[in-house]
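Written below as structure tokens is the structure these notes are about.
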Amino acid sequence: MDFWGYRRASTLLASGASLLVALVLLLLLDGVWPGLRGHFGIPVKRDLDRIVASDTLRVISRNHPLSYYLYRGTRRGFDFELLQRFAEEQGIHIEVVLPPTWNDMISWLYQGKGDVIAAQLTITPERKRFVDFTDPYLQVQQVTVGTDEMPPPRSYQQLTGETVLVRRGSSYEERLRQLQRAGLDVRLDYLDETVEENDPVQLVAQGRYPLTVVDNTLARLEQHFYPGLEIGMTLSDPQNIAWAVRPNSPKLREALNDFLRRHQRQTFFNVLKSRYFDDPDRFLKHRSAQLSLARRGRISDYDRYFREAGRITGFDWRLLAAQSYHESRFRPNKVSWAGAVGLMQVMPRTAHEMGIKNVWNPYQNILAGARYMRRLYNLYKDSASDDDRIRMTLAAYNAGIGHIANARRLAAETGGDSTAWSDVSVALIRLERPEYYQKDGYAFVRGHTVQRYVTDVIGRYRIFRDLMPASEDTLSAMVENR
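Just add 133 to wherever you are in the sequence shown, counting from 1, and you've got the numbering used here.
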């Protein structure tokens with residue numbers, strides 16, 4: 134049959150099917166893979182010479198904390214800053230285009246709407262059918278991600294029967310499809326990318342979806358933004374991240390590879406990589422700004438309630454919002470294992486003591502939490518500073534008055550200052566150890582958890598304060614005896 138096929142092809146050539154042959158030769162000379170024509174069409178001819186002549190490199194990216202985003206009106210992102218340096222070396226400008234969905238990126242590349250895809254793109258066999266990748270500049274592994282309330286699978290057995298939220302066309306979908314073909318019973322649900330705020334990790338962190346899959350680099354950073362996020366099993370071998378260009382842009386690909394080879398071992402690349410991947414505080418600050426922009430200038434849907442509760446109790450409303458975010462991720466129906474409920478995770482008995490009749494009502498729940506914060510705040514008038522006082526208050530809200538009293542006493546007994554949070558937090562951590570909590574009058578407390586709670590709420594408050602400026606924007610502006 135092969136011989137017959139060869140004879141038939143030869144006969145066609147000999148019989149004058151020159152138009153077909155000419156078309157094939159033309160495509161091959163242009164560097165286009167014939168197998169691509171049916172999927173995305175023929176890619177436009179726009180290699181490095183034409184890009185330089187146009188004075189603009191068009192970068193296809195996505196709104197993503199590691200690829201591209203706006204922070205205070207300035208364009209940021211690891212991919213963006215790398216390609217901005219590349220464009221500067223070429224003496225051209227850079228223009229970023231954001232397709233409506235993840236699945237549109239390759240088609241936009243073929244259409245010439247962009248020249249390079251820079252979006253933390255994983256090199257996969259499926260994608261290599263359609264694009265040429267540069268040399269890799271990062272390596273990742275896919276991991277399952279859930280929350281402390283809905284823990285992610287930690288084995289393939291636990292993954293069996295689960296439904297996973299992914300972006301259509303992503304490497305995560307591709308990997309899960311491989312597992313399905315191998316016989317694993319796992320179902321896929323797809324992100325609605327027409328909704329601007331939708332992000333798989335955000336939806337999982339907010340309890341709106343139980344499970345997703347992302348790269349381990351992003352998952353570790355997102356844990357700092359969403360404290361309840363949990364990383365489960367590793368779903369893939371190490372995978373390479375690279376930029377993608379059209380298969381008929383060899384000069385652009387070589388120029389990008391030359392750029393990467395020159396910079397990957399140099400200061401610029403490594404400082405930039407450390408800034409984006411090894412600085413959780415920076416990530417937290419910029420991620421908050423990114424989500425705030427998506428909400429069009431609002432911290433939450435309950436800002437008016439936080440403002441009113443802050444006015445009544447004397448607290449900066451953005452502090453209450455930061456605390457509520459940590460407590461419930463702004464979920465009014467959340468119930469903890471201990472029975473705390475609502476946006477501020479208030480115990481019903483405490484709400485009753487604060488004069489609240491309906492703890493499930495979002496405004497009343499916030500007011501109950503704010504009033505309880507005021508009661509605690511009044512206990513620590515002897516604190517070394519306003520900052521120490523608010524940290525003591527937050528610690529008591531999280532751990533209870535008794536545990537903070539124990540920590541203050543232990544701080545004094547061990548030569549520390551019971552009015553300074555720095556010494557009290559050390560004492561809290563000591564109370565995790567038997568030689569301290571087994572002493573008469575003391576008790577075990579998860580000191581590290583309390584310390585992280587205080588640090589996270591204060592850090593988030595500062596971010597919210599920067600994002601939402603107000604005339605009264607410091608903790609010291611709170612009225613002492615209101």
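In this text, a Cβ means the ideal position worked out from N, Cα and C, and glycines have one as well.
Beta strand (DSSP E) containing residue i: first to last residue?
| i | result |
| --- | --- |
| residue 533 | Segment: none, residue 533 is in no beta strand (DSSP E) and carries neither H nor E. |
| residue 253 | 249–255 |
| residue 452 | Per DSSP, residue 452 belongs to no beta strand (DSSP E); it is in the alpha helix (DSSP H), 450–461. |
| residue 373 | 372–378 |
| residue 203 | 202–204 |
| residue 183 | From DSSP, residue 183 is part of no beta strand (DSSP E) but of the alpha helix (DSSP H) over 181–187. |
Would you call residue i buried or exposed, if buried means 16 or more other Cβ atoms sit within 10 Å of its Cβ?
| i | result |
| --- | --- |
| residue 479 | buried |
| residue 253 | buried |
| residue 511 | exposed |
| residue 482 | exposed |
| residue 156 | Caution applies to residue 156, whose pLDDT of 39 falls short of 50 and renders its modelled position unreliable; the value that the coordinates give is listed next. It counts as exposed. |
| residue 493 | exposed |
| residue 498 | buried |
| residue 281 | exposed |
| residue 371 | exposed |
| residue 161 | Low per-residue confidence applies at residue 161: pLDDT is 39, beneath 50, and the placement is therefore not dependable, though the value from the model is reported in the following sentence. With fewer than 16 Cβ atoms within 10 Å of its Cβ, residue 161 is classed as exposed. |
| residue 554 | buried |
| residue 475 | buried |
| residue 407 | exposed |
How is the alpha helix (DSSP H) around residue i delimited, first residue to last?
| i | result |
| --- | --- |
| residue 215 | 211–223 |
| residue 488 | First-last for residue 488: undefined, no H or E at that position. |
| residue 293 | Premise fails: residue 293 is in no alpha helix (DSSP H) and is neither H nor E. |
| residue 275 | Where residue 275 is concerned, there is no enclosing alpha helix (DSSP H), although the beta strand (DSSP E) it sits in stretches over 275–280. |
| residue 443 | 436–446 |
| residue 506 | 495–510 |
| residue 172 | 170–173 |
| residue 389 | 383–396 |
Suppose contacts are defined by Cβ-Cβ distances below 7 angstroms. Is residue i in contact with residue j by that definition?
| i | j | result |
| --- | --- | --- |
| residue 211 | residue 342 | no |
| residue 533 | residue 561 | no |
| residue 358 | residue 420 | yes |
| residue 340 | residue 286 | no |
| residue 255 | residue 304 | yes |
| residue 251 | residue 192 | yes |
| residue 239 | residue 263 | yes |
| residue 299 | residue 306 | yes |
| residue 177 | residue 279 | no |
| residue 590 | residue 527 | yes |
| residue 541 | residue 557 | yes |
| residue 454 | residue 439 | yes |
| residue 363 | residue 269 | no |
| residue 380 | residue 435 | no |
Please report the distance separating the alpha-carbon of residue i from that of residue j.
| i | j | result |
| --- | --- | --- |
| residue 417 | residue 265 | 34 angstroms |
| residue 146 | residue 382 | Because residue 146 carries a pLDDT of 35, less than 50, the predicted location of this residue cannot be relied on, and no value is offered for it. |
| residue 468 | residue 220 | 51 angstroms |
| residue 594 | residue 348 | 28 angstroms |
| residue 391 | residue 373 | 18 angstroms |
| residue 501 | residue 225 | 57 angstroms |
| residue 586 | residue 437 | 24 angstroms |
| residue 326 | residue 351 | 19 angstroms |
| residue 248 | residue 402 | 22 angstroms |
| residue 388 | residue 215 | 13 angstroms |
| residue 267 | residue 432 | 39 angstroms |
| residue 332 | residue 259 | 24 angstroms |
| residue 190 | residue 234 | 21 angstroms |
| residue 568 | residue 338 | 37 angstroms |
| residue 309 | residue 288 | 14 angstroms |
| residue 344 | residue 360 | 16 angstroms |
| residue 465 | residue 442 | 16 angstroms |
| residue 445 | residue 316 | 59 angstroms |
| residue 274 | residue 353 | 12 angstroms |
| residue 271 | residue 375 | 7 angstroms |
| residue 519 | residue 232 | 48 angstroms |
| residue 167 | residue 257 | Because the pLDDT of residue 167 is 37, which lies under 50, any placement of that residue in the model is unreliable, and the question is left without a value. |
| residue 517 | residue 473 | 31 angstroms |
| residue 413 | residue 356 | 9 angstroms |
| residue 395 | residue 302 | 32 angstroms |
| residue 597 | residue 539 | 32 angstroms |
| residue 572 | residue 202 | 52 angstroms |
| residue 291 | residue 198 | 30 angstroms |
Looking only at DSSP bridge pairs, what is residue i linked to?
| i | result |
| --- | --- |
| residue 326 | None; residue 326 has no bridge partner. |
| residue 208 | 203 |
| residue 229 | 192 |
| residue 272 | 373 |
| residue 362 | 280 |
| residue 468 | 474 |
| residue 345 | 278, 298 |
| residue 266 | 377 |
| residue 367 | 276 |
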